[in-house]
Structures are given as structure tokens and as C-alpha cells.
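Structure, as C-alpha cells:
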Amino acid sequence: MKGLKVSLVIMASALITMGLSGMAYAFHTGGVANCDGCHTMHGVYTGGTSIAGKGPSLLVGTDPSSTCLLCHGGLPTGSASIGGGPKIMTYPFPTGSVAPSNFNSGGDFAWLQKTYTVGTGTGATIENGQTHGHNIIAFDFGMQGDTDFPATSPGGSFDSTKLGCDSCHDPHGKYRRVGTNQSWTIGTPATLGASSLPISSSGSKGAAPTSTTAVGVYRLLAGQGYLQGGVGGTPIAFPGSPIAVATGNGSSEATAASATTGAGQFRVAYANYNGSGATTWGQWCGTCHSAMLSTSAATSHAHPVDVPLSTRGEDQIYNSYVSSGKTGGSSATSYLSLVPFMESTSDIGVLATHASSGATVVTTGPSANDQVSCPTCHRSHATGFKNMMRWNMVGEFITLADSAGNAIWPGSDFGASSTYNQGRTELELRTAYYMRPATYFGPYQRSLCNKCHAQD
Amino acid sequence: MILIAVTFWVLSPATAKAQPVKGTFLYNLSNFTGAISFSWPRVFIDQERNEVYVIYQNFIRVFNETGMEVYNFGDELDIGSIVDLALDRDGNILLLSYKWSQTADRIDYEITRCNYRGEPKSKTAVNNLPPQYSKFLANRMIYREGNIYLASFATMVVVVTDDNGSFKEVYDILPLLEMEEREKEDAMMDGFSIDKDGNFLFTIPPLFRAYKITPDRKVSYFGKSGSRPGRFNIVAGIVSDNNGNIFVVDKLKCAVMIYDKNFNFLNQFSSRGWRPGFLIAPEGIAIDSQDRVYVTQAGNKGISVFKITYD
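Going down the list, the sequences are from chains P and L.
Mapping of the first sequence onto the working numbering: position 203 corresponds to residue 203, and the numbering continues sequentially without gaps.
Mapping of the second sequence onto the working numbering: position 250 corresponds to residue 1250, and the numbering continues sequentially without gaps.
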């Protein structure tokens, strides 16, 4: 009997061990992943001689971003949502008139490599690719920083030489949300103290924490008390973590959306909320770009962020605006993914119902208290346009018309003036607008500032 | 062209029957100006003629078996973004490319058949695809014994057609793997090849695994996370030689690991470095009939060629 009991114990132990060894948790599912996914513990050695990892913190790559891009760089591997998946930088970098082809919400870093010659002859100018986004330093991928802002961030004092993926994203995913989707707190184990719980799933898709588990924060974006690179790293004084919910796993925002109903779009439900470890998007971006942070154009001469769209009736304009010269739209179908707004709610469950895509996308426009913020006009990684804008701010029109009067993206290959395309082909422009057809707007569409201001 | 023989040889502490096998650096693929700078290009080996095709930034270069460029084409092609290349049984070049489809109103793939000079001759349309795969987008294309294999990394689907593009069968791989729900979230292929027996080989990096699927859909896999020789950090390309040995590239470790057909670790060669013979973020791998392994890298470091020898 004793022998049988021992055998049973051994068998049970073996079963438990086998079960545990079969549980392989995926990368970054809300929190820190398997250490071996990014670090090499004992260096990369040959013939018994240890060669220490070249990068900091046993990352092997020359810098942190060179490690992130091992998995997040590459050609898109999306399925029906072309350009979806975790790739955020097309690599190798496309050349000629080939555009970057990842359509994640943050944008494709490969746009940083797309430098355009605008115009011809002695009047030609250069639009440097580095103006298209955040110039992260990833030496192994040929990305060596911003020569326009070599010292500090524009409008701020962040050390440009330290800009990398880990400047905004916490690669260890320590920030977590505990509580419920309606009443929650964001923090790290250090700040949450006794109420801290282990992370069980991603926080990007609206999953709810439980009484025994937490969820991560949106896209592992860092919050209060963040040290870039971990212990001993440079403090970045984020006031909190920003909030959003998206469907899928870094899915594609590419769309051939219908102009009539807005269906077919990919909607990230952004929210502005201050408190409980969260912060508004404007405050969060303003950590490094404080001079751009403004709540009143009257006092600072900067576009206000984090203010209700109803301040001067922009919510009603947004909802009625269809395209240049056309109003009469409905709040039920006014949502435009190229001009997202921040919902004024802290209810993650509500955001989760709004985060949608395809035929069932929620197309409802803003309510009075919803807000404008940095992501309304910019993407956080890079875009196909100067200053990381979601649309082209150079030139009077963003669409023109062909000989039949149909709307076209004014590509250089369509004979359009460089005033409108800055050297881009029609497909490059369409790609920069995430594959949206020009017919969505119609001919002679002006800047999308008009979605809120309707001055066209 | 400078030939530098750098031998990397590590005995595995965990090998049941150690087979001395090593990788010796030969050279980088070059032209008459020197080693060519590529970053994560796509490599295809013409086993019959021992020629190497490299796709990089929509341009195709052809190298002979000493690693020298002998031909190139692609400047005049207007077929979109070239993603992969294969040769059919007649020696025609098949190019897999992405192009905007006006009819489908989305990016779609197409196969262009070219002659040996790279001049387009015809299109091969995939037809009779089951409706549930109507939005299938291939990342990889392999031609084997009159069949075209098209693999989608994100959806983990492999479509098989005949030489004319007519649908024959589909491998929906994810259900075959019997994963936990949690694992499925990041299940995505990276590195796909077909060995001499027709088995599919691929890796799933976030799960630290390499898989083999037989033509009759039997699944086996290996791999454990870790940084010691034979363990996986971030695996990528995978390929098999004529002995059935399996070569797996590790992007983080900057090494190539060798396993026998039973997944026993044999050896590992190379490590991180910018000097010849060392690797920077290696990604893809191909092997020719002379046991030469071609490893693609980032950082403009080109394609390093290693000779595999068995003592």
C-alpha cells in the first residue's frame, strides 16, 4: 500500500509537472512575458566562453528598440485585415513608391524612412522622413534618432537620445488595472500595495479584472512612477496611464469604408479620464511635449486638448459633417476613424462595446462631453504625413477630381501638383490614409480639421 | 571576396547521441564591389542549378554557387510588392506579390510566372478556393513536385494548388495544434519551409516552439525557452537538409541551432557580432544541396553563408 501511495504521489507529481510545462503563455499578454523572449540570461557564448550581451540589461540588441523590433518589425502578416498583427514597422524598409504596409492604430515606423522630393528643379524641397513620426533609436535596424531634435523632445525636455519603444511602453507590463471595469485602479505592485493582483490577460481589449486577478493596461503604456528600462532607469513622470480599448490583437485599421454609413472602419475606443492611476491622453503625451499642452487656444495659442467638444459646438459639427461642403450627417453614423475623439467615460465596459470593426463597427459620433486630444490628429508612432498627422496638412485639398469628376487621391502618377501630394503616388497617399478610397470624401475634400471646424 | 573560415562548435550538454556537426562561415553574398548589404531579405535556393535568388526591396538578384551575383532583374516589373519566389518544374520563375485589387478593393496577392530572365509571361490565378478562404493572403510560396504551396502566417493556413493554380487541398493548421485558448492569441507562424519528405516546418516564436506537420497532418513539435545552446529565445526561420537535420534561426541569440530529425539538439553556431561570420538579428534561412546554409540578417549585414560539415 505504501508503495502504491508513493507511486500515486510520483504519478501525480509527474502529471502536475507535465501540465505546468505545457502551459506556454504568450508574449505581453497584459504583462511581462517570458524573460527568454527578450533577454539572454548568460550571454551568447561560443566554445564555452561567455560573451556578454551587447545591449543593456542582457537584451543582446544594441538598444531596447532593436530587441522589440525583432518581433514587431517585418512585413505585415495580417489576414483579412491586411496589415494587422503585431508588426508596427515594415522591414526591410520599402523603397521607391512602395509604401509601408502595416496599418496598426499607432502607425508604421517605416514612414520615418520615406523621404520625398517635393517639386522639381531649383524649387524642389525635401520632406525628410523623420518628420513623419517619433524617431526611436534602433541601431540594429538603421534608426539613429532625429537630427531635427537631437537633444530634447519638441516642446519638452525628454532626452531624444533615449527615445525608444520603452519610452512609452513598459516592456515589463507592470501597470495593471484592478477592481471592475466600472470601478478600477491602475498602478504597479508598488503603488497598489495590498490591492495588487497578478495580471491574467491583456488590458487592451476591455477584459475585466476579477477579485483575484488584474488585467494589463492598453498597449502596455506606462503610467505613474515609470522608470524607462526598469530599475535604475530614467524616470519619466507620466501622470498616469491613458485609457483605450481596441478589438483584436493589434488589428489593422485599414478600411475601404462606405461613405454613407461609416461601416467597415476599425474603431479604437479612446477615453479621457483623470484619476485612479489613469490620465488623459493630452496629459500623457504632454509629459514629454508640455509646451504643446493647452486647454485654451485663447491663452496659449496652442490647439486645446482634453476639452469637451461641445466647448464651441464642435461635437455638433463633427456629427453633421459629411465632407467638404456637405453637412446633414447624423450622430449615428458620423464616426470617422481618421479623426477619433476621446470618450468622457471611465467605464471600460462601455469602451469595450464601442471598440469594434468591420460591418458591425459602432459609428456613433461624439457626445457633448467627449473630448479632443492628441490622438485626434496624430498617430503615436508615425504616419505618412509631416508631423505625424493623420491627414495631409500641406496643400489646400486632400482629394482632387479626375476628368469624370470622381474623387481621387492626388498622386504624382495621376499628374497632380506636388502641392497636393508632396511627391507621393496615388497608392502611397491612399496607403497613408489607411486604404480609404478617395470617394469616401468626394472630390476637392479639404483638410480634416474641418471634421470638427467645418470651415470648408 | 575574402574567405574567412570561422568555425563555431559547441557541444550540447544534453545530447543523447552527439553528432559532431559544425557550421563554418564561408562568405557573404557579394558582387564585384563586395558584400551586398541586405536587411531581412527573402532567399530562395534553386537546388538543381545551385543558384541563389534574393528578393530585396522589390529587386531580385541571382547568385552562383560561389556566392557571387550573376544576374538581376525587377526594375521593369510592375507587379506590386514582391514577397516570395519559387521555380516551377520547367525552370520558370514564380513571383508572389501583393498589389491593390480594384475589384476586391483591398490588397491581394498574385502569382506571376516569368521566364528564366525574369520576364513576365503569365499570371497564375488561384482558383476554386473554398469560400471561407476568399480573403486568404499568402506570405510564402513554395513549389514542390508540381504543386504550389501558399502559406499565410497570420491565419496559419496553407493552400495547395496544382501547377495551374487549381485548388487541391488546404491545411488549416491552428486546429491541428491543439493549443490552449491562451496560446492561440499569439499563434502566428514565422519561418515556413517544406522538407524533402513533404513535411511542413515552421516556428511559433512567442511559444518558443518549432513544429513539423506531415502531409497526413500529424503534428510534432519541440523547443523550450532559454538562452543556453539548443534552447529558444526568439526563433524564426527553419529549414531541413537532406539528412533530415533541422536548422532553426534564433533572432535574439543570433545563432543557428541544429537538431536531428528526432528533435535532439546537435549543435549551435555563430553568435552576435558585426564582424564577418557573426550575425545581427538573423531571420531567414535556406540550405542548398551542398550543405551550405544561407542566413539573412538585419542591420544591412547581408546574407552570411555557412558550410555545414559532419565529422
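For every residue, glycine included, the Cβ atom is placed at its ideal position computed from N, Cα and C.
- When Cβ-Cβ separations below 8 angstroms define contact, P:P92 makes contact with chain L.
- The C-beta of L:S1193 comes no closer than 8 angstroms to any C-beta of chain P.
- P:Y444 carries a coil assignment under DSSP once its states are collapsed to helix, strand and coil.
- Residue contact check for P:D402 against chain L: no CB pair falls below 8 angstroms.
- With contacts defined as CB atoms closer than 8 angstroms, P:S153 and P:C288 qualify as a contacting pair.
- A check of alpha carbon separations from L:V1295 across L:S1081, L:D1311 and L:R1272 identifies L:R1272 as the nearest.
- Per DSSP, reduced to three states, the secondary structure at L:I1173 is helical.
- In the three-state reduction of the DSSP assignment, L:L1201 falls in the strand class, which pools E and B.
- When DSSP states are grouped into helix, strand and coil, L:C1114 belongs to the strand group.
- Taken atom to atom, the span from the alpha-carbon of P:A214 to that of P:K162 is near 30 angstroms.
- A direct Cα-to-Cα measurement between P:K87 and P:G203 gives close to 19 angstroms.
- Between the C-alpha atoms of L:G1191 and L:Y1133 there is a straight-line separation of about 21 angstroms.
- Interface flag for L:E1178 against chain P is unset, since no Cβ pair is found closer than 8 angstroms.
- At a cut-off of 8 angstroms between C-beta atoms, P:L70 counts as an interface residue with respect to chain L.
- For the segment 1038-1067 of chain L, the set of residues with a beta-carbon nearer than 8 angstroms to any beta-carbon of chain P comprises F1038, S1039, W1040, P1041, Y1056, Q1057 and N1058, in chain order.
- Contact note: P:V245 does not reach chain L at a C-beta cutoff of 7 angstroms; the least C-beta distance is about 16 angstroms.
- Around the beta carbon of L:V1070, fewer than 16 other beta carbons sit within 10 angstroms, so the residue counts as exposed.
- Shown in chain order are the members of the segment 253-279 of chain P whose Cβ falls below 9 angstroms from a Cβ of chain L: A254 and A256.
- Distance between L:M1179 and L:R1217, taken at the CA atoms: about 15 angstroms.
- The C-beta of P:M89 comes no closer than 8 angstroms to any C-beta of chain L.
- Within the model, the alpha-carbon separation for P:A382 versus P:W111 is close to 6 angstroms.
- Using a CB distance cut-off of 8 angstroms, P:L427 counts as an interface residue toward chain L.
- If you look at P:N319, you'll find it in the alpha helix (DSSP H) that goes E314 to S320.
- In the pairwise beta carbon analysis, the segment 263-275 of chain P is classified as not touching the segment 132-141 of chain P: fewer than three pairs are separated by under 8 angstroms.
- Restricting attention to P:I243, P:Y226, P:P242 and P:S241, the CA atom closest to the CA of P:P235 is found in P:Y226.
- Note on P:E314: 16 or more other CB atoms within 10 angstroms of its CB, so buried under the neighbour-count rule.
- In this structure the segment 382-391 of chain P lies against the segment 422-434 of chain P, because at least three pairs of beta carbons, one per stretch, are closer than 8 angstroms.
- At a cut-off of 8 angstroms, the C-beta of P:D347 has no neighbouring C-beta in chain L.
- Linking P:A332 to L:R1209 through their CA atoms gives a straight-line distance of about 47 angstroms.
- Assigned with DSSP and collapsed to three states, L:K1224 falls in coil, not helix or strand.
- At least one C-beta of chain L is nearer than 8 angstroms to the C-beta of P:N34.
- Out of P:P94, P:T120, P:T261 and P:T40, the CA that lies nearest to the CA of P:T364 is found in P:T261.
- Under the DSSP assignment, L:K1184 falls in the alpha helix (DSSP H) whose first and last residues are E1181 to K1184.
- By the Cβ-count criterion, P:Q228 is buried, with 16 or more other Cβ atoms from all chains shown falling within 10 Å of its own Cβ.
- Along the segment 95-110 of chain P, going in chain order, the ones with a CB nearer than 8 angstroms to a CB of chain L are T95, G96, V98 and S101.
- From the listed residues P:R219, P:Y444, P:K326 and P:T247, the smallest Cα separation to P:D170 is found for P:R219.
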